[in-house]
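> Below are the structure tokens for one structure; questions will follow.
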Amino acid sequence: MNKCAVVVILAAGEGTRMKSSKPKVMHEVCGYPIIEHMVRTAVEISESLPVVVVGHQAEQIEQYLGQRVRYAYQSQRLGTGHAVMVAHSILEKIDGYAVVVAGDIPLIRSSTLQKMVEYANEGGYDAVALSAILDDPTGYGRIIRNEAGDLERIVEHKDATEEQRRINEVNVSAYCFNIQLLLSSLNQLDNNNKQGEYYLTDVLHIMKEAGNKVGVFVAQDSDEVLGINTRVQLAEVEQKMRQRINRYHMENGVTLIDPNNTYIGPDVVIGSDTVVYPGNVLEGRTIIGEGCTLYPNNRIVNSVIGNQTQVQASVILESRIGDETTIGPYAYLRPGSNIGNRVRIGDFVEIKNSSIGDRSKVSHLSYVGDGTIGRDVNVGCGVVFVNYDGVKKHRAVVEDKAFIGCNVNLIAPVVVKEGAYIAAGSTITDEVPEYSLAIARARQVNKEGWVEKRQLKKKGE
Numbered sequence: 003m004n005k006c007a008v009v010v011i012l013a014a015g016e017g018t019r020m021k022s023s024k025p026k027v028m029h030e031v032c033g034y035p036i037i038e039h040m041v042r043t044a045v046e047i048s049e050s051l052p053v054v055v056v057g058h059q060a061e062q063i064e065q066y067l068g069q070r071v072r073y074a075y076q077s078q079r080l081g082t083g084h085a086v087m088v089a090h091s092i093l094e095k096i097d098g099y100a101v102v103v104a105g106d107i108p109l110i111r112s113s114t115l116q117k118m119v120e121y122a123n124e125g126g127y128d129a130v131a132l133s134a135i136l137d138d139p140t141g142y143g144r145i146i147r148n149e150a151g152d153l154e155r156i157v158e159h160k161d162a163t164e165e166q167r168r169i170n171e172v173n174v175s176a177y178c179f180n181i182q183l184l185l186s187s188l189n190q191l192d193n194n195n196k197q198g199e200y201y202l203t204d205v206l207h208i209m210k211e212a213g214n215k216v217g218v219f220v221a222q223d224s225d226e227v228l229g230i231n232t233r234v235q236l237a238e239v240e241q242k243m244r245q246r247i248n249r250y251h252m253e254n255g256v257t258l259i260d261p262n263n264t265y266i267g268p269d270v271v272i273g274s275d276t277v278v279y280p281g282n283v284l285e286g287r288t289i290i291g292e293g294c295t296l297y298p299n300n301r302i303v304n305s306v307i308g309n310q311t312q313v314q315a316s317v318i319l320e321s322r323i324g325d326e327t328t329i330g331p332y333a334y335l336r337p338g339s340n341i342g343n344r345v346r347i348g349d350f351v352e353i354k355n356s357s358i359g360d361r362s363k364v365s366h367l368s369y370v371g372d373g374t375i376g377r378d379v380n381v382g383c384g385v386v387f388v389n390y391d392g393v394k395k396h397r398a399v400v401e402d403k404a405f406i407g408c409n410v411n412l413i414a415p416v417v418v419k420e421g422a423y424i425a426a427g428s429t430i431t432d433e434v435p436e437y438s439l440a441i442a443r444a445r446q447v448n449k450e451g452w453v454e455k456r457q458l459k460k461k462g463e
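Okay, here's the thing in structure tokens:
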């Protein structure tokens with residue numbers, strides 16, 4: 003495989019049609035900024051750090067990407083050719099092929115760019131333009147080929163004749179260049195055009211006039227080259243990428259009941275025979291095991307879920323869940339939750355930064371914050387782990403086989419030892435010994451005739 007020497011991503015555009023306060027390439031597609039998708043694609047075809055050309059609000063892009071890339075700065079947006087010019091000091095130290103690609107085509111596959119590089123190398127081309135066949139090529143520059151099938155020239159739509167406008171092969175803002183020939187051609191580039199800009203497409207013409215071999219490589223999937231200039235196009239690309247992701251999972255043994263209403267991020271892993279109902283949103287580096295059922299309307303982010311587990315209408319954030327466990331409906335697992343095997347987390351239960359052992363149950367209407375619950379524990383309805391004293395958070399520990407009655411408050415820090423029982427309605431502030439019963443509530447007092455004395459009895463009763 004012939005890897006390119008470097009990838010240059012053009013990301014300096016202002017993106018005014020987005021009508022946004024942030025750079026166009028920082029808008030998200032399937033949970034990640036557009037520039038993230040582009041950088042991931044770049045590192046798959048080159049071992050060299052990508053070069054990102056930045057300009058408008060460069061600091062936002064730099065803050066996000068950090069040291070994962072090299073930067074070239076285009077302080078004035080003077081065209082795509084000028085954008086590559088500002089990377090001259092980086093490129094002049096590199097030999098081989100450079101891929102230059104627009105920063106707003108996140109659907110482009112690394113395999114397509116790699117094939118373009120291989121096509122250039124095997125065919126002895128000094129430059130190759132990526133093209134696509136579109137049903138409606140309106141607005142795109144047309145690819146004009148010579149008799150040998152190589153590039154003759156690129157004609158912009160506004161300059162094309164009626165005959166040329168019938169051509170549906172278009173230029174799509176991705177190129178492969180011999181780096182040294184690219185740099186020498188950039189030195190000859192001028193801005194003698196209506197826009198007063200330096201066009202990268204003119205470099206192809208300069209190279210061809212100098213006798214260099216310039217070719218065209220066709221992308222097999224025209225969706226790959228869809229650019230983003232508006233929020234409408236952003237939504238269209240989002241839909242295309244989501245369809246691609248969903249198809250991948252279905253082809254690998256996952257059932258999606260309604261793919262058009264299922265949102266799966268590009269880094270999500272799902273085991274075979276898992277069934278995903280509509281309305282699920284799976285984000286980040288989430289891993290779902292085999293044979294799971296995700297009923298409607300879950301949001302699961304950066305979490306790991308074991309095999310044969312069921313989740314219904316719940317939010318799970320940065321948590322781990324074991325095998326054969328049931329979650330929900332309407333459970334909320336906040337970061338740091340670690341749930342064991344065959345556990346039941348029921349409706350309107352909130353778990354935060356807590357671990358729950360195998361076969362334990364927190365069935366409904368409870369809050370477990372900063373707690374450690376052992377195996378085979380039953381937590382009744384309305385139990386609250388009182389973890390905050392107004393200054394610090396404290397942990398409560400409930401050991402194996404304990405039974406916590408309804409409406410119990412555990413005032414942390416506190417320990418409930420193995421096999422202990424706590425009576426309903428108790429507020430526990432001290433350690434409960436193993437296999438004992440703790441009762442921490444006032445005795446019931448019945449005051450006979452109190453209603454009549456207070457004249458609260460309704461007339462006619």
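Quick note on numbering: the numbering used here labels position 33 of the sequence shown as 35, and the sequence is numbered without any gaps.
Backbone N, C-alpha and C define an ideal beta-carbon position, used for all residues, glycine too.
Return the residue from the list Val256, Tyr121, Ser77 that minimises the CA-CA distance to Asn180.
Considering only alpha carbons, the answer is Tyr121.
> For Asn389, which option in Asp138, Lys354, Ile47, His366 has the closest C-alpha, if you only look at C-alpha atoms?
Of the listed residues, the one whose Cα sits closest to Asn389 is Lys354.
> Examine the Cβ distances between the segment 279 to 299 and the segment 263 to 270 and report whether three or more of them are shorter than 8 Å.
Flag = yes, the segment 279 to 299 and the segment 263 to 270 touch.
> Could you give the uninterrupted runs of the beta strand (DSSP E) lying entirely in the segment 397 to 434, keeping only those of 3 residues or more?
Here the runs fully enclosed are 398 to 400, 411 to 413, 416 to 418.
> Decide if Gln457 is buried, meaning its Cβ has at least 16 other Cβ atoms within 10 Å, or exposed.
Exposed, since its Cβ has fewer than 16 Cβ neighbours within 10 Å.
> Have a look at Arg144 and Ala131 and give me their C-alpha separation to the nearest angstrom.
For Arg144 and Ala131, the distance between alpha carbons rounds to 12 Å.
> What are the partner residues of Ala100, as DSSP defines its beta bridges?
Its beta-bridge partners are Val8, Phe179.
> Roughly how far, in whole angstroms, is the beta-carbon of Leu109 from the beta-carbon of Asn193, given that I think they are within contact range, below 8 Å?
So it is not a contact: roughly 31 Å between Cβ atoms.
> Kindly list the residues whose CB is nearer than 6 Å to the CB of Ala470, restricted to its own chain and excluding five residues on each side of it in sequence; keep chain order.
Nothing about residue 470 can be read from this structure; the chain reaches only from 3 to 463.
> Is the separation between the beta-carbon of Leu183 and that of Ala100 shorter than 8 Å?
Against a cut-off of 8 Å, the Cβ pair of Ala100 and Leu183 comes out as no contact.
> On the DSSP letters alone, give me the boundaries of the alpha helix (DSSP H) that Val41 sits inside.
Per DSSP, Val41 belongs to the alpha helix (DSSP H) from 36 to 47.
> Use the C-beta contact count for Gln310: other C-beta atoms within 10 angstroms, 16 or more gives buried, fewer gives exposed.
Gln310 comes out buried.
> Would you call the segment 10 to 27 and the segment 36 to 44 touching, i.e. three or more CB-CB distances under 8 Å?
At 8 Å Cβ cutoff, the stretches touch.
> I need the boundaries of the beta strand (DSSP E) containing Gly371, first residue and last residue.
That run of the beta strand (DSSP E) goes 369 to 371.
> Round the Cβ separation of Val86 and Leu202 to the nearest angstrom and send it over; I've been treating them as touching at under 8 Å.
Rounded, the Cβ-Cβ distance is 6 Å, consistent with contact.
> Using 8 Å for Cβ pairs, my map puts Ile341 next to Ser321. What's the rounded Cβ distance?
Confirmed, about 7 Å.
> Would you report the Cα separation of Lys363 and Glu352, rounded to the nearest angstrom?
Those two C-alpha atoms are separated by around 13 Å.
> On a CA-only basis, which of Val239, Gly17, Leu153 is nearest Lys210? Give me that one, please.
For Lys210, the nearest C-alpha among the options comes from Leu153.
> How many angstroms separate the CA atom of His84 from the CA atom of Ala13?
If I take the Cα positions, the gap works out to 12 Å.
> Where Gly15 and Gly57 are concerned, what is the direct C-alpha to C-alpha distance, given to the nearest angstrom?
When rounded, the distance between both Cα atoms is 7 Å.
> Going by C-alpha to C-alpha distance, which of Gly330, Asp325, Arg301 sits closest to Val317?
With distances taken between Cα atoms, Val317 lies closest to Arg301.
> Nearest to Gln197 by alpha carbon, out of Gly229, Ala422, Thr82?
Among Gly229, Ala422, Thr82, the Cα nearest to that of Gln197 is on Thr82.
> With which residues is Val364 paired in a DSSP beta bridge?
Beta-bridge pairing links Val364 to Ile347, Val381.
> By DSSP, does Asn471 sit in helix, in strand, or in coil?
Only positions 3 to 463 of the chain appear in this structure, which leaves residue 471 out of reach.
> Asp402 and Asp432 look like a contact to me (Cβ under 8 Å); what is the Cβ gap, rounded to whole Å?
Incorrect: roughly 20 Å between the Cβ atoms, too far for contact.
> The ligand GDP heavy atoms versus the CB of Val56: any closer than 7 Å?
For the ligand GDP, the structure offers nothing, since it holds no ligand at all.
> Shortest alpha-carbon distance to Pro139 belongs to which of Val434, Glu164, Gly427, Gly125?
Taking only the C-alpha atoms, the option nearest Pro139 is Glu164.
> Do Val220 and Ser133 have their C-beta atoms within less than 8 Å of each other?
Yes, Cβ-Cβ distance for Val220 and Ser133 is below 8 Å.
> Where does Gly33 land, buried or exposed, given buried means 16+ other C-beta within 10 angstroms?
By the neighbour-count rule (16 or more Cβ atoms within 10 Å), Gly33 is buried.
> Is it the case that the Cβ atoms of Phe387 and Ala398 are separated by a distance below 8 Å?
Yes, the pair counts as a contact, with Cβ atoms nearer than the cut-off.
> Just the Cα atoms here: how many angstroms apart are Val416 and Thr276?
Their Cα atoms are separated by approximately 40 Å.
> On the three-state DSSP scale, how would you describe Ser357?
If DSSP states are grouped into helix, strand and coil, Ser357 belongs with the strands.
> For Thr114, which three-state DSSP category applies?
In the structure shown, Thr114 sits in a helix (DSSP, three-state: H, G or I).
> Can you tell me the Cα-Cα spacing of Asn254 and Glu158, whole angstroms?
Cα to Cα, the separation comes out at about 42 Å.
> For Asn248, is the classification buried or exposed, using 16 other Cβ atoms within 10 angstroms of its Cβ as the cut-off for buried?
Buried.
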